[in-house]
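When we follow full-length UniProt numbering, the leftmost residue of the sequence shown carries the number 1, and every step to the right adds one.
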Amino acid sequence: MNSLKKIYVLFFLLGIFFIPFNEFDGVSFLGEYQNEAATYFFLFGFFLVCIDSFVEKKIILPVRSIYFKIILLFLGWIFLSALLNYPSISESYFKQTAGISRFFRQLISFLLSSVIFTVFFWNVIRIYPLKRIFSVIRAVMWWSLVFVFIYGFIEILIVVFGIYQLMPILSAFDIFPFVNTKLDPGGRVSSISYEVPALGNYLIMVAPWMFSYILTSKQTYMRFLPVSMVLILMFFSGSRTALINVTIQLLIFLILLLRRRKIRVKIAKILTYTSPVLLILLIMNIGKISEIITQKADSLNFSKNLTQSVSNKTRFGMQYASLKVFIDHPVFGVGLGQETYHKRKHYPEWATKDNFEFDLFFENEDVKSFPSGYNIYTRLLAETGVVGFMIFIGLISLAIFDSFFYYRALRNSNRLIALTVFISLIGLSFNWLQTDFFRQYGFWLMLAILIKLKQQEKLGITLYNKA
Numbered sequence: 001m002n003s004l005k006k007i008y009v010l011f012f013l014l015g016i017f018f019i020p021f022n023e024f025d026g027v028s029f030l031g032e033y034q035n036e037a038a039t040y041f042f043l044f045g046f047f048l049v050c051i052d053s054f055v056e057k058k059i060i061l062p063v064r065s066i067y068f069k070i071i072l073l074f075l076g077w078i079f080l081s082a083l084l085n086y087p088s089i090s091e092s093y094f095k096q097t098a099g100i101s102r103f104f105r106q107l108i109s110f111l112l113s114s115v116i117f118t119v120f121f122w123n124v125i126r127i128y129p130l131k132r133i134f135s136v137i138r139a140v141m142w143w144s145l146v147f148v149f150i151y152g153f154i155e156i157l158i159v160v161f162g163i164y165q166l167m168p169i170l171s172a173f174d175i176f177p178f179v180n181t182k183l184d185p186g187g188r189v190s191s192i193s194y195e196v197p198a199l200g201n202y203l204i205m206v207a208p209w210m211f212s213y214i215l216t217s218k219q220t221y222m223r224f225l226p227v228s229m230v231l232i233l234m235f236f237s238g239s240r241t242a243l244i245n246v247t248i249q250l251l252i253f254l255i256l257l258l259r260r261r262k263i264r265v266k267i268a269k270i271l272t273y274t275s276p277v278l279l280i281l282l283i284m285n286i287g288k289i290s291e292i293i294t295q296k297a298d299s300l301n302f303s304k305n306l307t308q309s310v311s312n313k314t315r316f317g318m319q320y321a322s323l324k325v326f327i328d329h330p331v332f333g334v335g336l337g338q339e340t341y342h343k344r345k346h347y348p349e350w351a352t353k354d355n356f357e358f359d360l361f362f363e364n365e366d367v368k369s370f371p372s373g374y375n376i377y378t379r380l381l382a383e384t385g386v387v388g389f390m391i392f393i394g395l396i397s398l399a400i401f402d403s404f405f406y407y408r409a410l411r412n413s414n415r416l417i418a419l420t421v422f423i424s425l426i427g428l429s430f431n432w433l434q435t436d437f438f439r440q441y442g443f444w445l446m447l448a449i450l451i452k453l454k455q456q457e458k459l460g461i462t463l464y465n466k467a
């Protein structure tokens with residue numbers, strides 16, 4: 001392996017480590033990626049891949065992969081949809097942004113994640129045996145989580161338990177790159193991420209990788225410490241999305257795991273020894289813990305929060321408006337990045353009534369940022385129509401099916417990798433019910449790993465099925 005490859009592999013690993021770091025002022029021309037530390041490492045790594053390809057006179061693209069073909073098909077549909085909607089796009093203008101400008105910005109955003117990052121991930125992963133690169137990526141994620149947890153735990157002690165004497169220690173983290181110490185004004189925990197949902201997105205991505213330590217670590221504490229750290233951050237962060245998705249991921253993992261007798265015996269032994277300690281801690285902190293659990297339960301009462309919570313009224317109102325746009329443009333949609341120009345006419349009264357966010361942010365021409373759609377699926381229905389939606393759903397569904405197939409079929413160490421990818425994809429696909437951006441690094445990383453897994457295990461699966 002030449003020195004250039006070693007350098008872009010390093011940038012790949014640094015990017016993985018810095019995924020949760022997004023609380024800093026980046027380069028404005030990168031748009032929604034400007035505050036994402038990982039983006040800078042991935043882009044520079046991709047640049048080095050291009051130089052390496054030029055030097056070796058060989059471009060490495062996963063063109064034979066069905067996933068990459070579906071991505072290109074979806075890209076083609078985006079252009080067709082935009083072409084058919086050109087009269088409308090060319091006339092749209094809102095928040096000091098023309099429709100054509102908005103289209104190209106969102107196109108670049110999609111290309112960065114789905115093509116540039118996926119190609120970069122693939123060029124790194126293809127170099128190594130899958131087991132080795134999986135172990136390295138997981139180790140990097142572990143140390144990244146350690147940093148996030150240490151900061152987050154201090155933040156929990158300050159915000160939740162009121163130990164403000166620790167504030168100078170928290171402020172000391174400002175010496176690290178991409179860290180900007182602050183406390184959430186709402187009293188929630190976001191660790192080094194710029195807001196609570198960003199931390200939730202990170203936990204959903206990293207959780208399955210930490211679950212895998214239960215199956216592989218020879219040290220008892222390392223089997224459960226990573227999982228415990230994820231669950232503690234999830235619980236105290238206040239992120240409903242993380243609470244629901246990580247819980248689903250953990251339940252799926254346990255259901256698949258408990259089918260194995262050896263694992264059931266190990267878990268029973270661990271519970272035997274840890275239950276008394278947990279019970280004592282529970283009794284000592286019963287008042288505070290009871291209060292926190294009550295708050296979490298109330299946060300999941302969506303019917304109550306829909307009338308009382310401004311954020312929920314906004315979230316569901318935006319999704320409702322997107323579906324209205326889809327009904328008006330069911331086949332081709334209105335074009336990538338164009339839904340806001342159209343759904344402004346469809347905001348429901350129950351969402352806008354007594355909701356300061358619409359007047360202050362979403363309908364304010366002086367605020368240049370466009371409102372979130374809060375759901376990638378309703379956004380795709382509105383912007384790309386039912387055809388574009390089905391293409392993207394096909395990509396997700398095929399990846400989930402393939403990863404589960406390999407988990408069931410394999411009998412070697414790659415079975416764990418397939419399990420991790422499967423649970424990751426489940427969590428990330430559910431997470432898209434709450435987010436409307438393509439910038440989910442974990443999803444595109446899982447696709448690159450799946451491409452490698454399918455190439456490496458194709459012969460083995462064939463032989464296994466024949467036997």
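Idealized CB from N, CA, C, for every residue including glycine. Quick caveat, the model's predicted, so the values are computed rather than measured.
Endpoints, alpha helix (DSSP H) assigned at residue i
i, result
"Lys-69", "66-84"
"Ile-396", "376-409"
"residue 471", "Lying outside 1 to 467, the shown extent of the chain, residue 471 is not represented and no answer is given."
"Ile-426", "414-431"
"Leu-43", "37-56"
Reduced DSSP category for residue i - H, G, I as helix; E, B as strand; rest coil
i, result
"Phe-332", "coil"
"Tyr-347", "coil"
"Phe-21", "coil"
"Tyr-128", "coil"
"Thr-97", "strand"
"Asn-245", "helix"
"Asp-366", "coil"
"Lys-5", "helix"
"Leu-360", "helix"
"Thr-216", "helix"
"Pro-208", "helix"
"Val-63", "coil"
"Gly-337", "coil"
"Leu-258", "coil"
"Arg-439", "coil"
"Asn-312", "helix"
Exposure of residue i, with buried meaning 16 or more beta-carbon neighbours within 10 Å
i, result
"Lys-353", "exposed"
"Ile-327", "exposed"
"Pro-197", "buried"
"Thr-220", "exposed"
"Glu-91", "exposed"
"Ile-71", "buried"
"Asp-25", "exposed"
"Ser-190", "buried"
"Gly-187", "exposed"
"Arg-240", "buried"
"Gly-442", "buried"
"Arg-138", "buried"
"Gln-434", "buried"
"Gln-96", "exposed"
"Pro-185", "exposed"
"Arg-132", "exposed"
"Leu-251", "exposed"
"Pro-168", "exposed"
"Phe-362", "buried"
"Phe-235", "buried"
Distance, residue j Cα to residue i Cα
i, j, result
"Ser-403", "Phe-94", "42 Å"
"Val-179", "Leu-75", "35 Å"
"Phe-405", "Ile-16", "27 Å"
"Ser-28", "Gln-34", "6 Å"
"Tyr-374", "Leu-107", "18 Å"
"Ser-81", "His-346", "21 Å"
"Phe-47", "Met-222", "36 Å"
"Phe-316", "Cys-50", "43 Å"
"Val-334", "Asn-85", "6 Å"
Any non-hydrogen atom of the ligand FMN closer than 8 Å to residue i Cβ
i, result
"Ile-400", "In terms of ligand content, the structure shown is empty, and the ligand FMN therefore cannot be addressed."
- Return the chain-ordered ranges of every alpha helix (DSSP H) run that is complete within the stretch 120-205 and spans a minimum of 4 residues. Fully enclosed alpha helix (DSSP H) runs of no fewer than 4 residues occupy 130-159 and 167-171 of the stretch 120-205, in order along the chain.
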